[in-house]
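Residue numbering for the sequence shown follows my numbering, beginning at 9 and increasing consecutively.
The beta carbon of each residue, even a glycine, is placed where N, CA and C say it ideally should be.
Every value quoted in this text rests on a predicted model; they were computed, and no experiment measured them.
Scroll down for the structure; my scribbles are underneath it.
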Amino acid sequence: MTTVASSQTPGPAPSIATVGELRAAGHEQRTLRAELRDNLLARLAAGEDPWPGLHGFADTVIPQLERAIIAGHDVVLLGERGQGKTRLLRTLVGLLDEWSPVISGSELGEHPYAPITHASKAAAASYGDDLRISWRHRSERYAEKLATPDTSVADLIGDVDPMKVAEGRSLGDPETIHFGLIPRSHRGIVAVNELPDLAERIQVAMLNVMEERDIQIRGYVLRLPLDVLVVASANPEDYTNRGRIITPLKDRFGAEIRTHYPRELDAEIAVVRQEAHLLEDRVDVPDFLVEILARFTRNLRDSSAVDQRSGVSARFAIAGAETIAAAALRRAAVRGEDRAVARVVDLETAIDVLGGKIEFESGEEGREAEILTHLLRTAIAETVRERFRGLDFALLVAAIEDGAMVTTGEVMSARDVLAGLPVLGESDLYDQVCERIYGAPSVDEVDLETLAARASRSEPQRSARDLTDGERAAAVELALEGLFLARKIGKDTDGSETIYG
9 MTTVASSQTP GPAPSIATVG ELRAAGHEQR TLRAELRDNL LARLAAGEDP WPGLHGFADT
69 VIPQLERAII AGHDVVLLGE RGQGKTRLLR TLVGLLDEWS PVISGSELGE HPYAPITHAS
129 KAAAASYGDD LRISWRHRSE RYAEKLATPD TSVADLIGDV DPMKVAEGRS LGDPETIHFG
189 LIPRSHRGIV AVNELPDLAE RIQVAMLNVM EERDIQIRGY VLRLPLDVLV VASANPEDYT
249 NRGRIITPLK DRFGAEIRTH YPRELDAEIA VVRQEAHLLE DRVDVPDFLV EILARFTRNL
309 RDSSAVDQRS GVSARFAIAG AETIAAAALR RAAVRGEDRA VARVVDLETA IDVLGGKIEF
369 ESGEEGREAE ILTHLLRTAI AETVRERFRG LDFALLVAAI EDGAMVTTGE VMSARDVLAG
429 LPVLGESDLY DQVCERIYGA PSVDEVDLET LAARASRSEP QRSARDLTDG ERAAAVELAL
489 EGLFLARKIG KDTDGSETIY G
């Protein structure tokens, strides 16, 4: 079987239709754990990335998970909200064979060489090499369940089907059983999200599945050699607030892996760029704005005013990026601009709607907006220092001190913002500002560390004359906000309009 990333378009299923043809083709049966291990090792040996779309885990979480898969362990991921636990579990699908043979009509997806239910065993004995087979794509071999308080044993394990009993079958007949999620995931992966929310009596029902690999339904013990990998996610805070993972179940997970938020700024930015729906065909969100949102999120995680037990999800920055893109598109529609470009003035619109995503410490009631504004300004100042280090703004500051004022706002067009900039004589300061944002600065302009960081983000390199009005206005607004935060110029905001002067 070929193994390709699950995100790719599935290839055609094999044409083999019977067990005899399968044997003649030389197909060999592998256990699920052997399949995952072999495919992972093959990917690593080929230098391929088995974990597409994941950022910031390469030196921490990923090696631990790879060791767990190679060892054949069930896995539980522990981490705060928005750390990519579910996404990481879903990438396991890419380690399965693209197509896997199953007995046609089997509820449990049994392998043609190893039927485990009474009906499939009878069919195999009756038809022999003429037993019909089907092909199951790897995406069908991953089942996910969000643990909720109303989840029942029947949902996960199974129950007696009253309709079959009403048809005259006895309760002792295996055919009366309606299998739950875990047995139906035979030869596949079962993911349970927010495991501590699962009632303890339901967790108990999973014990035999994970160790002895048999199930018990209403006193009827049905020994099925289930071949499943159980993976789960949990928030450590849930152990005390909403529930806990019972000790015997924790003991059955071979690996407990702690996830974390991105530790490097570039990884944080990559997550936002990858996950945010920014309407790229209609809106430009400059890289420096995404950088500000990433820094803002990281500042919140370091703030003593924020409840760090709850965490600050990566979804915070993602939602922020989507909000400023929407603000830019709204402005473009109102002002008739051909192309929407997000600007610094749009960042304040994100604060208005994102406060509910943050849990503040109990002593900070009433100061939420103040805290968010302060940390956002800190993020802007950090970005300004990196982008404009060494650039001389003396002419612009002098012009403003002499009475010039620059007006901007949520619904002010980029052309109007640029038209209101003070004339700086023969100076090309505005072009220099734009080139620091969109161009390729020289080693003399910024330090080597900054150059390396910007190169790693693959930021486009463009000259000032190639920029649109929206892009130029966005760059100049960043410079003006930086001068205000450095206390070199003033700023007055009345909600819809901002004046630098």
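Asked                                                                                                                                                                               : Found
Who are the Cβ neighbours of His81 in its own chain at under 8 Å, not counting the five residues just before and after it?                                                          : Phe261, Gly262 and Ala263
Secondary structure at Arg495, three-state DSSP: helix, strand or coil?                                                                                                             : coil
DSSP three-state call for Ser370: helix, strand or coil?                                                                                                                            : helix
I'd like the span of the alpha helix (DSSP H) that includes Thr94, first residue to last.                                                                                           : Lys93 to Arg98
Report yes if the C-beta distance between Ile388 and Ile300 is below 8 Å; otherwise report no.                                                                                      : yes
By the 10 Å Cβ neighbour count, where 16 or more other Cβ atoms means buried, how is Val200 classified, buried or exposed?                                                          : buried
Between the alpha carbons of Arg31 and Leu48, how many angstroms are there, rounded?                                                                                                : 25 Å
With C-beta atoms as the reference, is Leu486 less than 8 Å away from Phe296?                                                                                                       : yes
Keeping to the same chain, check which residues put their C-beta closer than 7 Å to that of Leu286; ignore five residues upstream and five downstream.                              : Val293, Ala329, Glu330 and Ala333
With a threshold of 8 Å, are at least 3 pairs of Cβ atoms found where one atom belongs to the stretch 402-412 and the other to the stretch 430-450?                                 : yes
Going by DSSP in three states, Asp167 sits in which element: helix, strand or coil?                                                                                                 : strand
For Ser321, which residues of its own chain have a beta-carbon under 6 Å away from its beta-carbon, when the five flanking residues on both sides are left out?                     : Arg89 and Gly90
The alpha helix (DSSP H) spanning Gly28 covers which residue range?                                                                                                                 : Val27 to Ala32
Buried or exposed for Ser193, going by 16 or more other Cβ atoms inside 10 Å?                                                                                                       : buried
Specify whether the stretch 414-429 and the stretch 474-482 touch according to this definition: at least 3 beta carbon pairs, one from each stretch, less than 8 Å apart.           : yes
Between which two residues does the alpha helix (DSSP H) carrying Ile445 extend?                                                                                                    : Leu437 to Tyr446
What's the C-alpha gap between Arg149 and Ile326?                                                                                                                                   : 30 Å
Can you tell me the Cα-Cα spacing of Thr248 and Ala151, whole angstroms?                                                                                                            : Bear in mind that the predicted position of Thr248 carries a pLDDT of just 43, short of 50, making it too unreliable to give a figure here.
Mind checking which residues open and close the alpha helix (DSSP H) that includes Leu215?                                                                                          : Leu215 to Met218
Leaving out five residues before and five after Gly28 in sequence, what residues of the same chain have Cβ atoms less than 7 Å from its Cβ?                                         : Asp137 and Asp138
Kindly list the residues whose CB is nearer than 6 Å to the CB of Glu505, restricted to its own chain and excluding five residues on each side of it in sequence; keep chain order. : Gly417
What are the start and end residues of the beta strand (DSSP E) that includes Gly417?                                                                                               : Val414 to Gly417
Rounded to whole angstroms, what is the Cα-Cα separation between Leu62 and Ile253?                                                                                                  : 27 Å
Any heavy atom of the ligand SAH within a distance shorter than 7 Å of the CB on Thr381?                                                                                            : Because no ligand of any kind appears in the structure shown, any question about the ligand SAH cannot be addressed here.
Within its chain, find whatever has a CB closer than 6 Å to the CB of Gly498; leave out the 5 residues flanking it on each side and keep chain order.                               : Gly509
In this structure, does DSSP put Ala350 in helix, strand or coil?                                                                                                                   : coil
What are the start and end residues of the alpha helix (DSSP H) that includes Tyr135?                                                                                               : His126 to Tyr135
Please name the residue, chosen from Ala54, Asp57 and His119, that lies closest to Thr39 on a Cα-to-Cα basis.                                                                       : His119
Taking the C-alpha atoms as reference points, what is the distance between Ala132 and Val239?                                                                                       : 31 Å
Expressed to the nearest angstrom, what Euclidean distance is found between the alpha-carbon atoms of Ser114 and His145?                                                            : 15 Å
Alpha carbon to alpha carbon, how far is Val361 from Gln282? Give it in angstroms, no decimals.                                                                                     : 21 Å
For Tyr565 and Ile210, I'd like the C-alpha separation in whole angstroms.                                                                                                          : With the chain covering only 9 through 509, there is no way to say anything about residue 565.
Quick one: Cα of Glu372 to Cα of Leu380, how far?                                                                                                                                   : 12 Å
Looking at the unbroken beta strand (DSSP E) that takes in Phe187, where does it start and where does it end?                                                                       : Ile185 to Phe187
Can you name the start and end residues of the beta strand (DSSP E) that Glu43 belongs to?                                                                                          : That residue, Glu43, is in no beta strand (DSSP E); its alpha helix (DSSP H) goes Leu40 to Ala53.
Inspect the beta-carbon positions of Leu203 and Ala155 and report whether they are closer than 8 Å.                                                                                 : yes
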